[in-house]
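Yeah, the sequence shown ends on 1214 if you go by our numbering, and it's all consecutive.
Cβ atoms here follow ideal geometry from the backbone N, Cα and C, with glycine treated the same way.
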Amino acid sequence: MKYKFSAIEMALLCSIFQHPLPLIVEDSFGNVSEKDMRKEEEFVLKDFKNRGYFSVDDTDYSMRVDETLTETLMCCFQADKVVSLLEGEQINSAFYLTSGQNVLIKKVSGLYEVTLFENEEEFSESFLTAIHLKQSENTLEVPPFHFQLAAKQFEKLLTYYEKNKNEKMKELCKENFPECKMILDHIHLHDSIIILTEYIGKPCTILTKFHCYLGGISFIKSIYSEDGDYVILARYPFGDLPNILFETEV
């Protein structure tokens, strides 16, 4: 199911469900007086009733919210994690993931398009579309590679890479040097895509930069958590992309 709301409409929905605005949504009432805000809310509420989103029970005069709309919003509000797509310094698309259901909030021409996905296949297709990718038809085997190091070690590795100090890189990567060098080349010499994953209710944030090539994907995943900060340099088949982005480790 797909809905389109203005920032004011999103603010009203969040107010009704007593939930803070999703971070992707701008606060439209920041500099508005309470009187004007109430007028705007009354207008939106009337419009929602006309669109069939809200109804009033004649027996107890309580307000009812459409079941599908409620399901969509609660999936967003009760999400376990949020996966945001960074375009420059802007976040225009954010996927809200919870057990068994996923929602996308996307900025489209000044509105917020809210989509509840019916199944995992529909969700995966929409995610790949959002990052401007499609499943590669290449059948070449891409052997998996996974190398983990502490965040401070990665900072050293990156400094050595930027200064072309290959011998120093080999000291950190050892036998993994060729693969690590290739991954750094992929990320830094091409236009990479950046994904921010935030876990709700626990201190864990993941920043993933990845580059897709023929049949495969190279990525650098920086994980910041209470258990320590570390970085993963990895290469996997293209089909593993959703798992790479939506899990702490692959």
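Residue i versus residue j - alpha carbon distance
i	j	result
isoleucine 1222	isoleucine 1151	Residue 1222 falls outside the range modelled here, since the chain spans only 965 to 1214, and no answer is possible.
glycine 1180	serine 997	53 Å
glutamate 1134	proline 1201	Looking at the sequence shown, residue 1134 is not glutamate but lysine. Rounded to the nearest angstrom, the two C-alpha atoms are 25 Å apart.
valine 1106	leucine 1205	13 Å
serine 1182	alanine 971	37 Å
proline 1108	glutamine 1054	32 Å
leucine 977	tyrosine 967	12 Å
proline 1167	serine 1186	14 Å
aspartate 1030	serine 992	24 Å
glutamate 990	histidine 983	14 Å
leucine 1215	histidine 1110	With the chain covering 965 to 1214 only, the question about residue 1215 has no answer from this structure.
tyrosine 1248	serine 1073	A question about residue 1248 goes unanswered here, because the residues of the chain that appear run from 965 up to 1214.
methionine 1027	leucine 1009	11 Å
arginine 1199	isoleucine 980	45 Å
valine 1214	arginine 1015	Low confidence applies here, because valine 1214 scores a pLDDT of 37, under 50, leaving its location unreliable and the question unanswered by this model.
aspartate 1191	glutamate 1162	15 Å
glutamate 1035	aspartate 1155	37 Å
glutamate 1084	cysteine 1176	22 Å
lysine 1127	glutamate 1082	49 Å
valine 1047	leucine 1092	13 Å
glutamate 1119	serine 1063	35 Å
methionine 965	glutamate 1139	50 Å
threonine 1212	tyrosine 1194	Summary for threonine 1212: the model assigns pLDDT 47, below 50, so the residue's position carries little reliability, and this model does not support an answer.
aspartate 1011	lysine 999	19 Å
lysine 1129	glutamate 1051	31 Å
Check whether residue i and residue j have beta carbons under 7 Å apart
i	j	result
leucine 1049	alanine 1114	no
glutamine 1117	isoleucine 1196	no
asparagine 1056	lysine 1071	yes
leucine 1136	leucine 1121	yes
leucine 1080	valine 1067	yes
tyrosine 1269	leucine 1033	Outside the displayed span of the chain (965 to 1214) sits residue 1269, for which this structure offers no information.
alanine 1043	isoleucine 1164	yes
glutamine 1065	cysteine 1040	no
isoleucine 1069	isoleucine 1157	no
leucine 1148	tyrosine 1125	yes
Unbroken alpha helix (DSSP H) run spanning residue i, endpoints
i	result
phenylalanine 1109	Here phenylalanine 1109 belongs to no alpha helix (DSSP H); instead the beta strand (DSSP E) covers 1109 to 1114.
serine 1088	1084 to 1094
phenylalanine 1041	1031 to 1041
valine 1008	998 to 1014
glycine 1139	Here the sequence assigns glutamate to residue 1139, which means glycine is not the residue at that position. Here glutamate 1139 belongs to no alpha helix (DSSP H), and DSSP marks it neither H nor E.
isoleucine 980	971 to 980
Span of the beta strand (DSSP E) around residue i
i	result
glutamate 1051	1045 to 1051
glutamate 1077	1075 to 1080
isoleucine 1164	Isoleucine 1164 -> no beta strand (DSSP E), and no H or E assigned at all.
serine 1019	1018 to 1020
valine 1072	1065 to 1072
asparagine 1056	1054 to 1062
leucine 1171	1168 to 1177
lysine 1129	Segment: none, lysine 1129 is in no beta strand (DSSP E) and carries neither H nor E.
Rounded Cβ spacing between residue i and residue j (contact assumed at less than 8 Å)
i	j	result
leucine 985	methionine 1001	That belief does not hold up - the Cβ atoms of leucine 985 and methionine 1001 are roughly 14 Å apart, past 8 Å.
phenylalanine 969	valine 1078	6 Å
Point to revise | Cβ pair count under 8 Å reaching 3, the region 1078 to 1088 against the region 1006 to 1021 | key: The region 1078 to 1088, when compared against the region 1006 to 1021, does not touch it at the 8 Å Cβ threshold.
Exercise for review: Inspect the CB distances between the region 1137 to 1146 and the region 1169 to 1180 and report whether three or more fall short of 8 Å.
Suggested key: They do not touch, by the three-pair rule.
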